[in-house]
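Novice:
Chains as they are written, first to last, in the working numbering: chain Z, 8 to 385; chain U, 8 to 385; chain F, 8 to 385; chain D, 8 to 385.
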């Protein structure tokens, strides 16, 4: 005897568990296009640097723009709290390991200064680069329109979990449709992981949806709160929402997979599973140009009562250009990410990112580190 | 050619294999309620400290009550066998590793003294705290009513595996419906793991059912006897029994998931899978207030012929208040358990524990320790 | 487009992947019976010691009989090749690691002497113990009847893989039905793993079927040749054959699961999956009475051209009596195997081995070694 | 609410996840035949050495022929670029670890000289051995016919991913049906992994199809680009194409599984899953006769912009004869590969490779390294 199940539980998959199947036709990598468009803004590389203090400073955002991608500056981080953010970031990077979280909790208790926000945006814009900034939903009404007035080209509204319907004690929460009337730039919103929420967000009129909650193996949001969905499944589900919304309305709202992408392989898998672009942390924290000087930390790490994640040492592996375009003698997939994507598109027979969405994907046993080694020339 | 299968075997899941999916709406954590009720006794925190000698002394039970939870004192442990239990627990904690099991076997061969039971209950009650005590089924008739007469507010009847129907050579075993006529306090019974047994226990009239047999990764009951069910499946199955029983009778019998919960994430998953409250061992053994001083051992460890589990060093991580409510600079989920639960409820959009039962849960690959790290601010 | 599948592949399970679900009723362990019968020969403990030179010497077989089980002496091992087998076994146990396989290949090239077989059987019989001996199919006609004439009580015909139909260049292979006319003792045959082969073997009239090919994690038969079936599935499939054969003929042919059983938990799982008895190697190689003095090796290890498995150091953990019946202070399931079985039967509510066959079994994630620890008193 | 799935994802399997089930009949290994035929060319051993510079030199190809197998010489490697390839290979083998990839990138930038190709082929042919050579699709028109004119007996056209339809900017790519009119020797083409591509390749008229993309655990093609299919599934799918093509046309196009085979067990599994022959790298790189002197590297390792895989130290384990036929005292499956195959065929009851295709295969938990050890004599 067994009653009706209390609930159905389906299997979700992460990057390490899948692989891309080569296509029925192959094409030369030099015939592929990796272009990504967000409501009229076009990137030649579909890669966005995460709004993390150890990664996106104004100068990093400028360099990212030169390389064809986009860097998102966090308007609630060190850049908006200190006159000399580089110095504070250096101190954070050099604090002893066992004091790092406590020190961060202190650093991030300094107030956000709206005057600094304008200055930082100006630093980016004056160098001729596109400027993308991020705010949390709770601060959006206060900081978002101000940032756009100061010249921001893209607004990212992002928290661990964002929905179109949020309940709080404050008289009236953030309503995305109202926000869109106030700002005249593309708005990306996230993070979400499910079909329903992605669809509801698209229905508010936003221009891009950021996908990913607790995906990383050591993303401690999942360890601390149990919440998280592996990225392959999250991406597939939100891509499904995008297709249905597109079929119904004719408006194509790209999805950006954020979190857990470490190698060219992860990046290719995200796109094969339906992402239009990816948001990367660690790989860019390893760039010479990143202010963290080989360290990285998440924006939930300094949470005063419930910190999730710690500062980690990621090392410096090369210039941003090398990381994105090579050449390299590294063989672990962490450099020449765009070369890897074009090579993958060639093997899959995809001329565009949109073609890549049709690639076959299989569930495959995790890659282990022991030494099997066999490759043939392309 | 293949005959009819000898038996069907279904897949069962543990905490490490699942994750909670954020909800369609989100709410602010400060709008959630974590209240738990057991037949009129109400806790503001749905957490119960296991009836283990290294955890629940009378003073720990008092502190637990202050913090909104409940500590269960074991009436067959050191508290009921020695005039100075603290000293014996200290000796147990300090015995050399290779002698610990043997030493325990000796310590637990001392007789249980009914006079001490009354004293210990009085220690708790005189401090104004609720008093919960546990007995094994074999001793229930002898010790249970006496404990209630001495002032116990909750009676827990607990063994590795408990059913409503037990056969022994003694003329007449424990019948729960008869016990309930003898004692006038809420009775929790366990442990069980299946729909059938949970349902049968509920039908005897008990007020709560404790769920969990051999769930922990190193719970040696499974290694020694092969018996055990991973906690997610056990919780789901017993929750299913609770719902069916409630639908049929209108009486709501809460289930308490016991075993294998180490982090806020585990706790949240247990509740998302249907638990009304959780029973914790290790996290409370790590409290400064616990008599084990950073050690813990199960009540099956000293079994004279078939010991299961050993004394383990768990360390002291903070005060009970920090463990339950923070603040903390620990990022591994072992502190601020209630903050984690409220944060999870916010992301799931659950105002109450009962709402949390509707959360979507996915099977997700186990969290590994290697270093992926990416978090965003909530 | 995808063609019809080349072949169907089903999932098979091993001991580490399953767990036993407690029953709807429980009984006191002292009310259980673990008796096993093989065509009139009855054992109080359903455990058989593998025909390995490091385990079963004549004196070990006598001790095993005293303890209620059965030890099988290998008639093609050292006992049948050397006047002083104990000395040879000591030399084998002490050879340096990197020379062990080569040394074994040499030792096992000495001829089998039929006179020694008679002597060894007499050593066992003169001590009042039951005598079980094993031969490979190729030697059965030559050695089997001779062993029975010398007093053997049970004949085990065993090779890595045995079927009722074997093709070789020799004029005429072993036909089990003919063998059964030549010897008047119970005959166990194996090893097999599938429904079909188990059924065909039963139809030849043999009295017991030994189950298991390449089950162990490091059994190198699987590594070397790819052949093997995890033991849970092998046992379930052969149990299914036993049931169908019994339903059709009324003759009950017990199955004996052999290989991969290390702990009480493994033993209980084998029986819950349909085994009537188990054959154990390592746990008995760890007995003080075993001639290997803490070492063990398989009979395929010395294969001259294709050795599989090596000599391993298993250590000496206690007397045979302790291993089977305790008492013990070990908590890892390697001692008091029969106590573990009785405890399991109690939790499952099984009075007999036959009742244990009805236990529910679930697929559960593998037990890992990290430190979760939570047990409650039985 | 959940939309229609964005795409279906099926589970794929690798060697470590499956095992071969013994057959209903068994035969003596000396009655088996392991013969493999490729359009009239017959090998007594179905094993082909990969076209890797660390493995197949002209002298290695001669030795491989003597042992009944086939070695493929790479016409785009060191043999075709340098007058003294042995010296260059030695230098490559001895370069410091951290410079190996860069050094390789340099070595492989030297031009391919057609005069050297003729010389190397002559070295093989003059020793009376069959000569097999490999080229990439892009070089096939230039190098293929020339090699055949110089005496090559088998032409292998091989790249990481090959399809019958490739798009490039050059006016006209390689068309296999046209190639087959130009060369009068058997042509093997690969690598592919899917039913569709294998079938399309067969339909062009080629004589053999090589199967395998990114199968190895550390094959970094999968890590770098995300592309790859575990070998068991790839082999099953391509075998399905072979059967359908054979049923429709009467022409039998053998498939050769390439990549990830390390042990006799892997080899047997590949054949049980439908391979007609296997292509091996590492096991032959370990032969005394291999020019890499205990090192190995893939042909994608020196890719100038996107290297995949590195030079690895594999050690020297014995002569080629020992690796293929033993005798050995190694018990890990890396030696006596043909003895392992014959032993497996005996247990499965397969007289021929074609019979092996009918073997039952199960999904079995991965072999772990911990110490279970139990074998019985065959």
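Even for Gly, the Cβ is constructed at its ideal location relative to N, Cα and C.
Predicted, not measured: the structure shown is a model, and the values here were computed from it.
At 9 angstroms on the CB atoms, spell out the chain Z contacts of residue 250 of chain U, in chain order.
Specialist: Counting from one through the second chain, the residue named residue 250 of chain U turns up at place 243. Within chain Z, the residues near residue 250 of chain U are 10, 11, 13.
Novice: Considering only C-alpha positions, which residue in the set F:181, F:131, F:147, F:307 is nearest to residue 160 of chain F?
Specialist: Counting from 1 along the third chain, the entry for residue 160 of chain F is found at position 153. It is F:131 whose Cα lies nearest to the Cα of residue 160 of chain F.
Novice: Of all the options F:84, F:109, F:100, which has the alpha carbon lying nearest to the alpha carbon of residue 124 of chain F?
Specialist: In the third chain, residue 124 of chain F corresponds to position 117, counting from 1. Out of F:84, F:109, F:100, F:84 has the C-alpha closest to the C-alpha of residue 124 of chain F.
Novice: Measure the CB-CB distance between residue 233 of chain Z and residue 138 of chain U and report whether it falls below 7 angstroms.
Specialist: The residue you call residue 233 of chain Z lines up with position 226 of the first chain. The residue you call residue 138 of chain U lines up with position 131 of the second chain. No; because the gap between Cβ atoms is not below 7 angstroms, this pair is not in contact.
Novice: Does residue 173 of chain F get closer than 7 angstroms to chain D when you measure Cβ to Cβ?
Specialist: Here residue 173 of chain F corresponds to residue number 166 of the third chain, with the count starting at 1. Judged by the 7 angstroms Cβ criterion, residue 173 of chain F is in contact with chain D.
Novice: Based on Cα-Cα distance, which residue from D:77, D:169, D:36 lies nearest to residue 363 of chain D?
Specialist: As a first step, residue 363 of chain D is located in the fourth chain; it is residue number 356 there, counting from the start. When only C-alpha atoms are compared, the closest one is D:36.
Novice: Check whether the Cβ of residue 21 of chain Z lies closer than 7 angstroms to any Cβ atom in chain U.
Specialist: Along the first chain, one-based indexing puts residue 21 of chain Z at 14. With 7 angstroms as the cut-off, residue 21 of chain Z counts as an interface residue toward chain U.
Novice: Suppose only complete runs of 3+ residues qualify. What are the beta strand (DSSP E) ranges in the stretch 181 to 267 of chain Z, listed by chain order?
Specialist: 194 to 199, 215 to 218, 262 to 265
Novice: With DSSP collapsed to three states, give me the class of residue 165 of chain Z.
Specialist: Numbered from 1 along the first chain, position 158 holds the residue referred to as residue 165 of chain Z. The answer is strand: DSSP assigns residue 165 of chain Z an E or B state.
Novice: In the structure shown, what three-state DSSP assignment does residue 147 of chain D receive?
Specialist: Your numbering for residue 147 of chain D matches position 140 in the fourth chain. Helix, per DSSP.
Novice: Please report the residue range of the beta strand (DSSP E) in which residue 78 of chain F lies.
Specialist: Taking the first residue of the third chain as 1, we reach residue 78 of chain F at position 71. Its beta strand (DSSP E) spans residues 77 to 81.
Novice: How about residue 289 of chain Z: is its C-beta nearer than 7 angstroms to some C-beta of chain D?
Specialist: Along the first chain, read from residue 1 onward, the residue named residue 289 of chain Z stands at position 282. Not one chain D Cβ lies under 7 angstroms of residue 289 of chain Z.
Novice: Taking just the CA atoms, how far does residue 267 of chain D sit from residue 224 of chain D?
Specialist: Residue mapping note: residue 224 of chain D aligns to position 217 of the fourth chain, counting from 1. Residue mapping note: residue 267 of chain D aligns to position 260 of the fourth chain, counting from 1. Confidence in residue 224 of chain D is poor, its pLDDT being 41 and thus under 50, which makes the residue's placement too unreliable to answer from.
Novice: Which of helix, strand or coil does DSSP assign to residue 69 of chain U?
Specialist: For this step, residue 69 of chain U is matched to residue 62 along the second chain. Taken through DSSP and simplified to helix, strand or coil, residue 69 of chain U comes out as helix.
Novice: Let me see if you follow: with CB-CB separation under 7 angstroms, is residue 370 of chain D close to chain Z or not?
Specialist: The residue you call residue 370 of chain D lines up with position 363 of the fourth chain. Chain Z, which has no Cβ nearer than 7 angstroms to the Cβ of residue 370 of chain D, makes this no.
Novice: Against residue 220 of chain D, what residues of chain Z qualify as contacts under a CB-to-CB distance less than 7 angstroms, listed in chain order?
Specialist: As a working mapping, residue 220 of chain D is identified with position 213 in the fourth chain. Neighbours of residue 220 of chain D in chain Z, taken as residues whose beta carbon is under 7 angstroms from its own, are 29 in chain order.
Novice: Which bits of chain Z does residue 199 of chain U rub up against, with CB to CB less than 8 angstroms?
Specialist: In the second chain, residue 199 of chain U corresponds to position 192, counting from 1. Residue 199 of chain U does not reach chain Z, its nearest Cβ partner there being about 14 angstroms away, counting only Cβ pairs nearer than 8 angstroms.
Novice: In chain F, which residues lie with their C-beta within 9 angstroms of the C-beta of residue 176 of chain U?
Specialist: For the purposes of this step, residue 176 of chain U is taken as residue 169 along the second chain, with counting starting at 1. From the beta-carbon of residue 176 of chain U, the residues of chain F found nearer than 9 angstroms are 35, 37, 38.
Novice: Can you grab the Cα-Cα spacing for the pair residue 307 of chain Z / residue 280 of chain Z, in whole Å?
Specialist: Position 300 of the first chain, counting from 1, holds the residue named residue 307 of chain Z. Position 273 of the first chain, counting from 1, holds the residue named residue 280 of chain Z. Cα to Cα, the separation comes out at about 27 angstroms.
Novice: Under the rule that 16 or more other beta-carbon atoms within 10 Å means buried, what is residue 143 of chain U, buried or exposed?
Specialist: Sequence index remark: in the second chain, residue 143 of chain U carries index 136 (1-based). Residue 143 of chain U comes out buried.
Novice: Are the beta-carbon atoms belonging to residue 270 of chain Z and residue 341 of chain Z less than 7 angstroms from one another?
Specialist: As a working mapping, residue 270 of chain Z is identified with position 263 in the first chain. As a working mapping, residue 341 of chain Z is identified with position 334 in the first chain. Yes, the pair counts as a contact, with Cβ atoms nearer than the cut-off.
Novice: Find out if the Cβ-Cβ distance for the pair residue 46 of chain F, residue 96 of chain F is shorter than 7 angstroms.
Specialist: To locate residue 46 of chain F, count along the third chain from 1; it is residue 39. To locate residue 96 of chain F, count along the third chain from 1; it is residue 89. Contact: no.
Novice: Could you confirm whether any beta carbon from chain C is found closer than 7 angstroms to the beta carbon of residue 334 of chain D?
Specialist: Absent here is chain C; the protein component of the structure consists of chains Z, U, F and D.
Novice: Beta-carbon within less than 6 angstroms of residue 205 of chain Z's beta-carbon, same chain only, minus the 5 sequence neighbours each way: which residues are those?
Specialist: Translated into the one-based positions of the first chain, residue 205 of chain Z becomes position 198. Cβ within range, chain order: 199, 216, 245, 248.
Novice: Determine which residues of the stretch 253 to 277 of chain F have a Cβ less than 8 angstroms from any Cβ of chain U, and write them out in chain order.
Specialist: 270, 271, 272, 273, 274, 275, 276
Novice: May I have a chain-ordered list of the beta strand (DSSP E) segments no shorter than 3 residues that lie completely inside the stretch 260 to 342 of chain U?
Specialist: 262 to 265, 284 to 287
Novice: According to DSSP, is residue 62 of chain F helix, strand or coil?
Specialist: Position 55 of the third chain holds residue 62 of chain F. Coil, per DSSP.
Novice: Here's a check: name, in chain order, each residue in its chain whose Cβ is nearer than 7 angstroms to the Cβ of residue 353 of chain Z, leaving out the five neighbours to either side.
Specialist: For this step, residue 353 of chain Z is matched to residue 346 along the first chain. Excluding its 5 nearest sequence neighbours in each direction, residue 353 of chain Z has C-beta neighbours in its own chain below 7 angstroms: 33, 34, 35, 36, 39, listed in chain order.
Novice: Assuming residue 26 of chain Z contacts residue 229 of chain D (C-beta within less than 8 angstroms), just tell me the rounded distance between them.
Specialist: To locate residue 26 of chain Z, count along the first chain from 1; it is residue 19. To locate residue 229 of chain D, count along the fourth chain from 1; it is residue 222. Sure, about 6 angstroms apart at Cβ, within 8 angstroms.
Novice: Report the rounded CA-to-CA distance for residue 329 of chain Z versus residue 346 of chain Z, giving the unit in angstroms.
Specialist: Counting from 1 along the first chain, the entry for residue 329 of chain Z is found at position 322. Counting from 1 along the first chain, the entry for residue 346 of chain Z is found at position 339. Looking at the two C-alpha atoms, the distance is approximately 10 angstroms.
Novice: Cβ closer than 9 angstroms: which chain D residues qualify as neighbours of residue 16 of chain F?
Specialist: For the purposes of this step, residue 16 of chain F is identified with residue 9 of the third chain, where counting begins at 1. Those within 9 angstroms of residue 16 of chain F in chain D are 20, 25, 239, 243, 280, 367, 368, 369, 370.
Novice: Name the DSSP beta bridge partners of residue 99 of chain U, please?
Specialist: By 1-based counting over the second chain, the position of residue 99 of chain U is 92. Paired residue(s): none; residue 99 of chain U is not in a bridge.
Novice: Of the residues Z:104, Z:77, Z:115, Z:79, which one's Cα is nearest the Cα of residue 89 of chain Z?
Specialist: One-based indexing of the first chain puts residue 89 of chain Z at position 82. It is Z:115.
Novice: Please list the partners that residue 32 of chain D has in chain F, where partner means a Cβ-to-Cβ separation under 8 angstroms.
Specialist: Reading the fourth chain from its first residue, position 25 is the one you call residue 32 of chain D. The contacting residues are 170, 172, 173, 174.
Novice: Using DSSP's beta-bridge definition, name the partner residues of residue 140 of chain Z.
Specialist: Residue numbering aside, residue 140 of chain Z sits at position 133 when the first chain is read from its first letter. Z:80, Z:162, per the DSSP bridge assignment.
Novice: Starting from residue 350 of chain Z, trace the beta strand (DSSP E) in both directions and tell me its first and last residue.
Specialist: The residue you call residue 350 of chain Z lines up with position 343 of the first chain. That residue, residue 350 of chain Z, is in no beta strand (DSSP E); its alpha helix (DSSP H) goes 344 to 355.
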